[in-house]
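Visitor: Chains as they are written, first to last, in my numbering: chain A, 30 to 275; chain B, 30 to 275. Just so it is clear, CB atoms sit at the ideal spot from N, CA and C, and this is done for glycine as well.
There are 2 protein chains.
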Amino acid sequence: MIKRQGLMKKLAAQPLYKQVIREVMTAVEAGEWHDDENLPSEVELGVRFGVSQGTVRKALDSLVNEGVLYRRQGVGTFVAGMNDFLARGLFQPLTGEDGLTPKIELLGCVRIHAGEQLADILGLRRGAALWQVRRLLRVAGNVIGLEEMLLPEAGFPNLDIRRIRELKGNLRELCWRDFGIRLRDGEVRYRAVAASQSEARLLMVDLNEPLLQLVRLARDFEGKPQVWSVAWLKTDTLAFEPAPFA
Amino acid sequence: MIKRQGLMKKLAAQPLYKQVIREVMTAVEAGEWHDDENLPSEVELGVRFGVSQGTVRKALDSLVNEGVLYRRQGVGTFVAGMNDFLARGLFQPLTGEDGLTPKIELLGCVRIHAGEQLADILGLRRGAALWQVRRLLRVAGNVIGLEEMLLPEAGFPNLDIRRIRELKGNLRELCWRDFGIRLRDGEVRYRAVAASQSEARLLMVDLNEPLLQLVRLARDFEGKPQVWSVAWLKTDTLAFEPAPFA
DNA sequence: TTATATCTTTTGTCTTATATAAGACTGTAG
DNA sequence: CTACAGTCTTATATAAGACAAAAGATATAA
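Shown next as C-alpha cells:
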C-alpha cells in the first residue's frame, strides 16, 4: 500500500501516480507478468496500491506512452513484448509497410578495454573492461546493417556469446532478465559517413560508399549510461525512420 | 458551447475532450492568442466550452504533448512559438547543447510542374503546378544543409519569394496564417547518399561526399499531403537527432 | 446450429474536490 | 525608503468517484 502523500510534507513525497508508476515498473521488471499477458485490472491494481482507479489509470497512461504497456478497451492492459533493441528504435525498415522483419546474425563478442573517449561516455575509468558485441542485420537475406555495442563488463558479468545468441537479438530483455538493468531508449544521432574498409567488407559495399550511421547511448532508469551502440546501415534500397510508438 | 455527448448517440459524437482539442486548435490556428501568450485558464476554457476543468486539462495535455502548447504550473498555458519547420523536426543540431541556432537563407522559389512520381505522392494529377522552394541552412556561418520543398500551387496561390523571406524560414506559420493549412509533422525518413554535383556545389563539399538525406511528407490535419520536402545535410562536424518534444 | 440478446469485466470519459506552485500584494522591521 | 517575510490570488496538478462504451462470454430463441 502506497502511503498517502502530504502526511509528512518535509519528505517531499512524490505524487501517488508516480509512486504507482515505479511500483508497476518494478513488477514488470521482476517479470511478474509475461510479455503480452494482461495485468490485473485498473481497479484491482488500485486496491493493491491503495489508490483509485483514476490514479492507476494516470500511471498506466504514462507507461503506455513509453511503450512499456499497451491497452485494449474492454479487454485489458498488457506488457508490451520487448521488441528487439535493434528492431525497435534503431532499425525500422520502411520500404513496403509489409513487415520485412530483419534477421540478426551475431558476429562476435569480445572483451576489450575502454579508451579515454569511451570511458568518458560510459562514465567509467580509463581502461575499464568492456564487452564489444558485433551483429549483422539482414533483410530478405541481404545484409543491410552492421551494429557494434559496447557494455561495461562490471554491469554485465559473464556475458558470453552463447547467452546473446539465445535471445534472438533482444538485448533489452537480456539486460533486465539477467542483469537487472532496465534500459530506457536513449536518443539516437544520425550521421552520413563513408564506409571504412571493415564496414565495406562486412556490408559488401564499395569503400567510401555513403552509410547511415546511428549512434545511441542507452541509459538505465536512473540515468546511468549503460550501453553505447553504433550502427552502420546501407540505405540504397531501404530508408529508415525512427520507430513509432504503439 | 460544446454539446454534451450522448444526447444524439447516432451521430457518433466524439468525446468531449476531443471536441475541445479541435476547438482550441482552431482558435490557435485563427491566431486568437499570440505565440507565447497565455491562454485563458483551464477553468475559464471549461466555462467557455461548457465542460469541466479536468476535461479541458485532458485536451490541453494532448496539445502540450504535440508541442502546440506548453505549460508552467501556477502561471498558465502558452502557445508554443511555431518553431521553424526546419529547425524543429528536420534539423536539430546536436553538438554542444548550447543552442547553435541555425540561420536559413532563401535560395529561390520557382514554379514547376509535377512529374509522375511527385504528383502521385502529393495526390495531384500529372503536370500540376508546384512551387519549388530551395533554402540553405547555416550554423555559425557555415553552410551545413540544403533543403528543397515542393508545394501544390492550388493550395498555396500567390506564394512568392517575398512572403517566404518575410517569415524567417517559418513555413508552418505561413501555411496557416496565409493559407489556412495547419501542418502536422510527418514522419521523416533518413538515408545516406552521395553528394550530387549541385548539392556538392551548394554545400561546398566534394562530389560523392556522404550526406544525410531527410525526406518528409507533411500532411494537414485531414491527412491530405501538402508539402514534400527533402533536405541534404553535412554531418561531418554536426550530428542530428530527431527533435525531442517539450 | 446459428444468430441474437444480455451479462460481466475491462478500459475510457467526465466531474468535483483539493493540493501545489508562482507571482503579486502588503505590512513591518531595519 | 528598503528589504523581507507573510498572505492572497490565480494558475496548473493530482486524486477520487460516478458513469459510459467496448469486448468477450454466456445464455436463449429460432
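Taking C-beta pairs closer than 9 Å, name the residues in chain B that L240 of chain A reaches, listed in chain order.
Guide: Numbered from its first residue, the first sequence carries residue 240 of chain A at position 211. Result: A221, P239.
Visitor: If we count the other Cβ atoms within 10 Å of its Cβ and call it buried at 16 or more, is G184 of chain B buried or exposed?
Guide: Against the second sequence, residue 184 of chain B aligns to sequence position 155. Classification of G184 of chain B: buried, given that the 10 Å Cβ count is 16 or more.
Visitor: For E176 of chain B, collect the residues of the same chain with a Cβ closer than 6 Å to its Cβ; drop the 5 residues on either side in sequence, then sort them by chain order.
Guide: If you number the second sequence from 1, residue 176 of chain B lands on position 147. Contacts found: R164, A260.
Visitor: Counting only beta-carbon atoms, is T264 of chain A nearer than 9 Å to chain B?
Guide: Here the question's residue 264 of chain A lines up with position 235 in the first sequence. Yes - at least one Cβ of chain B is within 9 Å of the one on T264 of chain A.
Visitor: Could you name the residues of the same chain whose beta carbon sits closer than 6 Å to that of V162 of chain A, not counting the 5 residues immediately before and after it, in chain order?
Guide: Sequence index remark: in the first sequence, residue 162 of chain A carries index 133 (1-based). Same-chain partners within the cutoff: C138, M178.
Visitor: Mind the definition here: the region 91 to 98 of chain B touches the region 71 to 82 of chain B only if three or more C-beta pairs lie below 8 Å; say whether that holds.
Guide: As far as the Cβ criterion goes, the region 91 to 98 of chain B does not touch the region 71 to 82 of chain B, which means the pair count is below three.
Visitor: Below 8 Å on the Cβ atoms is my guess for Q226 of chain B versus L240 of chain B; work out the distance and round it to an integer in Å.
Guide: Walking along the second sequence from the start, residue 226 of chain B turns up at place 197. Walking along the second sequence from the start, residue 240 of chain B turns up at place 211. At roughly 13 Å, the Cβ-Cβ gap does not stay under 8 Å, so Q226 of chain B and L240 of chain B are not in contact.
Visitor: Hey, quick one: how far does the alpha helix (DSSP H) through R230 of chain A stretch, first residue to last?
Guide: Working through the first sequence from its first residue, we reach residue 230 of chain A at position 201. Element bounds for R230 of chain A: 226 to 232.
Visitor: In three-state terms, what does DSSP make of F120 of chain B?
Guide: Within the second sequence, residue 120 of chain B is the residue found at index 91, counting from 1. Residue placement at F120 of chain B is flagged as unreliable, the pLDDT there being 43, under the threshold of 50; a coordinate-derived value is accordingly withheld.
Visitor: At which residues does the beta strand (DSSP E) containing N171 of chain A begin and terminate?
Guide: Numbered from its first residue, the first sequence carries residue 171 of chain A at position 142. Residues 171 to 181.
Visitor: Would you call A116 of chain B buried or exposed, if buried means 16 or more other Cβ atoms sit within 10 Å of its Cβ?
Guide: Walking along the second sequence from the start, residue 116 of chain B turns up at place 87. At A116 of chain B the pLDDT is 37, less than 50, meaning the model places this residue with poor confidence; the figure from the coordinates comes in the next sentence. The residue in question, A116 of chain B, is buried, as its Cβ has 16 or more Cβ neighbours within 10 Å.
Visitor: Quick one, which of A:A157, A:Q43, A:V85 has its alpha-carbon nearest E182 of chain A's?
Guide: As a working mapping, residue 182 of chain A is identified with position 153 in the first sequence. That would be A:A157, whose Cα lies nearest to the Cα of E182 of chain A.
Visitor: Between V168 of chain A and I133 of chain A, what straight-line distance do the alpha-carbon atoms span, to the nearest angstrom?
Guide: For this step, residue 168 of chain A is matched to residue 139 along the first sequence. For this step, residue 133 of chain A is matched to residue 104 along the first sequence. Taking the straight line from one Cα to the other gives about 9 Å.
Visitor: Using the Cα positions of V53 of chain A and P44 of chain A, report the straight-line distance between them to the nearest angstrom.
Guide: By 1-based counting over the first sequence, the position of residue 53 of chain A is 24. By 1-based counting over the first sequence, the position of residue 44 of chain A is 15. Going from the Cα of V53 of chain A to the Cα of P44 of chain A covers about 15 Å.
Visitor: Count the other CB atoms, across all protein chains shown, that sit within 10 Å of the CB of E228 of chain A; report buried if there are 16 or more and exposed otherwise.
Guide: Locating residue 228 of chain A in the first sequence gives position 199, where the first residue counts as 1. Buried: at least 16 other Cβ atoms inside 10 Å.
Visitor: Within the continuous beta strand (DSSP E) that includes A158 of chain A, where are the two ends?
Guide: On the first sequence, residue 158 of chain A is found 129 positions in, with the first residue counted as 1. Per DSSP, A158 of chain A belongs to the beta strand (DSSP E) from 158 to 168.
Visitor: Given H63 of chain A, which residues of its chain have a CB within under 7 Å of its CB, disregarding the five upstream and five downstream residues?
Guide: Residue 63 of chain A sits at position 34 when you count from the first residue of the first sequence. Excluding sequence neighbours, H63 of chain A sits near V108.
Visitor: Buried or exposed: I173 of chain A, going by 16 or more other Cβ atoms within 10 Å of its Cβ?
Guide: On the first sequence, position 144 is the one that residue 173 of chain A refers to. The residue is buried, with at least 16 neighbouring Cβ atoms inside 10 Å.
Visitor: Grab the span of the beta strand (DSSP E) containing S258 of chain A for me, first residue to last.
Guide: The count along the first sequence starts at 1 and reaches residue 258 of chain A at position 229. 254 to 262 is the extent of the beta strand (DSSP E) around S258 of chain A.
Visitor: At which residues does the beta strand (DSSP E) containing V108 of chain B begin and terminate?
Guide: Position 79 of the second sequence holds residue 108 of chain B. Here the beta strand (DSSP E) through V108 of chain B covers 105 to 108.
Visitor: What does a CB cutoff of less than 7 Å around D265 of chain A pick up in its chain, not counting 5 residues either side in sequence?
Guide: Residue numbering aside, residue 265 of chain A sits at position 236 when the first sequence is read from its first letter. Hits under 7 Å: none found.
Visitor: Span of the beta strand (DSSP E) holding R101 of chain A?
Guide: Position 72 of the first sequence, counting from 1, holds the residue named residue 101 of chain A. Element bounds for R101 of chain A: 98 to 101.
Visitor: So, are the CB atoms of L159 of chain B and L147 of chain B less than 9 Å apart?
Guide: Here residue 159 of chain B is taken as the residue at index 130 of the second sequence, counted from 1. Here residue 147 of chain B is taken as the residue at index 118 of the second sequence, counted from 1. It is a contact, given that the beta carbons lie within the stated cut-off.
Visitor: Where do the ends of the alpha helix (DSSP H) carrying S91 of chain A lie?
Guide: The count along the first sequence starts at 1 and reaches residue 91 of chain A at position 62. Run containing S91 of chain A: 82 to 95, per the alpha helix (DSSP H) assignment.
Visitor: Buried or exposed for E145 of chain B, please, with buried defined as at least 16 other CB atoms from any protein chain shown within 10 angstroms of its CB.
Guide: Locating residue 145 of chain B in the second sequence gives position 116, where the first residue counts as 1. Classification for E145 of chain B: exposed.
Visitor: Among B:I150, B:R230, B:A143, which has the Cα closest to the Cα of P254 of chain B?
Guide: One-based indexing of the second sequence puts residue 254 of chain B at position 225. With distances taken between Cα atoms, P254 of chain B lies closest to B:I150.
Visitor: Spell out the partners DSSP gives G284 of chain A in its beta bridges.
Guide: Because chain A here runs from 30 to 275, residue 284 of chain A falls outside it and cannot be looked at.
Visitor: Less than 6 Å between C-beta atoms, sequence neighbours within five positions excluded: which residues of the same chain meet that for E238 of chain A?
Guide: Within the first sequence, residue 238 of chain A is the residue found at index 209, counting from 1. Excluding sequence neighbours, E238 of chain A sits near A224.
Visitor: For the alpha helix (DSSP H) that contains D149 of chain A, what are its first and last residues?
Guide: Counting from one through the first sequence, the residue named residue 149 of chain A turns up at place 120. Counting along the chain, the alpha helix (DSSP H) containing D149 of chain A begins and ends at 145 to 151.
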